[in-house]
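Okay, so here's the structure we're looking at.
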Amino acid sequence: MSAVAQCLFCRIVAKEVPSKAVYEDGEIYAFEDIHPQAPVHVLLVPKQHLAHTLELTEASIPLMGRLILAGNRVARDRGVAESGFRLVLNTNRDGGQLIFHLHMHLLAGRPMAWPPG
5 MSAVAQCLFC
15 RIVAKEVPSK
25 AVYEDGEIYA
35 FEDIHPQAPV
45 HVLLVPKQHL
55 AHTLELTEAS
65 IPLMGRLILA
75 GNRVARDRGV
85 AESGFRLVLN
95 TNRDGGQLIF
105 HLHMHLLAGR
115 PMAWPPG
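Each residue of the sequence shown is one higher than the one before, starting from 5 at the first, in the working numbering.
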């Protein structure tokens, strides 16, 4: 079985694995994290399989812009845009990435500490 066929987030996007969807368009799927680290914790994933940010190219710029705009929309829909939120992209194990399908965390609903890790 290919890495993409085994990818948890690809399987969630394909609706093979259940999730609580909060946003979807032609290129982005967003769902609630099953192990939330904040009162609002949503994962936003491109439907296209990319393992991490190191696979992005100049051609990925529109996709990444849409990913951020989708995060803004979810923050507004969840009522946390004005109070504040954090958008996080982790790359590789030492960067905190556990699932190797590029994804962005939207964290909100409480004050965020700095430094984060």
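We treat Cβ as the ideally placed atom computed from N, Cα and C, and that holds for glycine.
With contacts defined by Cβ atoms closer than 8 Å, Leu110 and Val17 do not form a contacting pair. Straight-line spacing of the CA atoms in Leu58 and Cys14 works out to 18 Å.
For the set Lys24, Glu62, Leu54, the Cα lying nearest the Cα of Leu93 is the one of Leu54. Shown here, Ala42 sits in coil according to DSSP, grouped into three states, outside any helix or strand. Residue environment: Leu73 is assigned as exposed (fewer than 16 neighbouring CB atoms within 10 Å of its CB, all protein chains considered).
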